[in-house]
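Right, one structure below, let's go through it.
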Amino acid sequence: MLAGMLITVREGLEAFLIMGILLGYLKKIRQGRFTRHVWLGFWAALAASVTLAWAFRALAVQFEGTGALVFELIISLVAVGVLTYMVLWMQQQSRTIKSDLENRVEAAFSANNVFALAGLAFVSVLREGLETALFLTALAGSAETGSPLPGALLGLVIAALISFAFFKAAVRLNLRKFFMVTGFLLIFIAAGLVGHALLSAHELGLIPPIISEVWNTNGIIDEDGLLGRVLHAFIGYDGNPSLMWVLGYLGYVFVFGQKFLQNSGSARQVPAKAQR
Numbered sequence: 031m032l033a034g035m036l037i038t039v040r041e042g043l044e045a046f047l048i049m050g051i052l053l054g055y056l057k058k059i060r061q062g063r064f065t066r067h068v069w070l071g072f073w074a075a076l077a078a079s080v081t082l083a084w085a086f087r088a089l090a091v092q093f094e095g096t097g098a099l100v101f102e103l104i105i106s107l108v109a110v111g112v113l114t115y116m117v118l119w120m121q122q123q124s125r126t127i128k129s130d131l132e133n134r135v136e137a138a139f140s141a142n143n144v145f146a147l148a149g150l151a152f153v154s155v156l157r158e159g160l161e162t163a164l165f166l167t168a169l170a171g172s173a174e175t176g177s178p179l180p181g182a183l184l185g186l187v188i189a190a191l192i193s194f195a196f197f198k199a200a201v202r203l204n205l206r207k208f209f210m211v212t213g214f215l216l217i218f219i220a221a222g223l224v225g226h227a228l229l230s231a232h233e234l235g236l237i238p239p240i241i242s243e244v245w246n247t248n249g250i251i252d253e254d255g256l257l258g259r260v261l262h263a264f265i266g267y268d269g270n271p272s273l274m275w276v277l278g279y280l281g282y283v284f285v286f287g288q289k290f291l292q293n294s295g296s297a298r299q300v301p302a303k304a305q306r
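Heads up: the sequence shown runs through residues 31 to 306, numbered per the working numbering.
As structure tokens, then:
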């Protein structure tokens, strides 16, 4: 639940911020009558995202045994790749996303194609929706805590409230710090998916465990207990991991955690003002 909530808070906030930038700029240039085109793109993207999430889940339940392991391996690796790219990409784009979207709005008006506004909103929001559908499918396969849907819905509500406070209630929010904190947490969620992918690969006979059990902390935090299941869903906790799992998990955190922190350090040298 917690992992699903964190993902939809971040993805939902990105989608709502995009909408806020587009609608705010139309109001700024006194073209408010075209906001319906932006909302059309938003609702179309939302419908497409829900359809994709349903399709991914419907596809997942079709597999059993070896087929299910192969599907979980593929979906976990794809989710890790997309999640990693998304976190690092947002670090680079958070400083210019507002100006980029405004330039695209101007280009739509210059081309006398107001329906491009709907397309801009659709593509921007659908990207977040597709990522969310993919991540939730991977989490559903890697966690034993039930469906991530309740946490995902709660995350969307939180994202909507934060966005409302930011755009309507004049609440100041340091977006750079927000995305830095959530991005760092997502690194650990992705590492957990790496561990799950390695476990699936081992069960398929593709890789050896090297050492079957490096340690056993189930006596302290039982992976089948409530706290253990929550930690498993959130950071991929394994009470008795193999050496292959440990190497994969820590290797991912070290490589991409270091890259994330380096990018964050570079970003501090640029004046960080909340874009509105």
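Using N, Cα and C, we set each Cβ at its ideal position, and we do this for glycine too.
Under the three-state reduction of DSSP, Ile59 is assigned to coil, being neither helix nor strand. Phe101 and Tyr282 have their alpha carbons spaced roughly 21 angstroms apart. Looking from the CA of Ile48, the closest CA among Ala189, Gly185 and Tyr115 belongs to Ala189.
At the C-beta level, His67 and Ala137 stay beyond 8 angstroms of one another. Here the alpha carbon of Ser230 sits roughly 11 angstroms from the alpha carbon of Pro238.
In the displayed model, Ser242 falls within coil according to three-state DSSP, outside both helix and strand.
Per DSSP, the unbroken alpha helix (DSSP H) holding Ser79 starts and ends at Thr65 to Ala90.
Leu183 counts as exposed, since fewer than 16 other C-beta atoms from the protein chains shown sit within 10 angstroms of its C-beta. For Glu253, the secondary structure class from DSSP, reduced to helix, strand or coil, is coil. Sequence-distant partners of Trp275 (beyond 5 residues in either direction) whose C-beta falls short of 7 angstroms from its own C-beta, in its chain, are Gly225, Leu228, Leu229 and Asp268. Residue nearest to Arg259 within the set Ala170, Ala195 and Phe194 is Ala170 (criterion: CA-CA distance). Judged by their CB atoms, Ala75 and Ala151 are nearer to each other than the 8 angstroms cut-off. Each residue's CA atom was taken as its position, placing Asn143 and Gly159 some 25 angstroms apart.
Going by beta carbons, Gly213 and Gln121 fall inside the 8 angstroms limit. Residues Leu150 of the same chain have their beta carbon placed closer than 7 angstroms to that of Arg134, with the five preceding and five following residues left out of the count. Between Ala220 and Thr167 a beta carbon distance of about 14 angstroms is seen, past the 8 angstroms cut, so the two are scored as non-contacting. With 16 or more neighbouring CB atoms inside 10 Å of its own CB, Leu99 falls in the buried class. Around Leu43, the same chain offers Ala189, Ile192, Ser193 and Phe208 as residues with beta carbons nearer than 8 angstroms, after the five sequence neighbours per side are excluded. Following the DSSP letters along the chain, one finds Asp130 inside the alpha helix (DSSP H) bounded by residues Ile127 to Ser140.
In the three-state scheme derived from DSSP, where H, G and I count as helix and E and B as strand, Tyr267 is classed as coil.
Lys128 and Phe86 have their C-alpha atoms some 32 angstroms from each other. Taking the CA atoms as reference points, Leu261 sits about 48 angstroms from Gln61. DSSP places Thr162 within a helical segment (H, G or I) once states are collapsed to three. In the same chain as Ala163, and ignoring 5 residues on each side of it, the C-beta atoms closer than 7 angstroms to its own belong to Ser79, Leu82, Ala83 and Phe86, in chain order. In the structure shown, the three-state DSSP call for Thr247 is coil.
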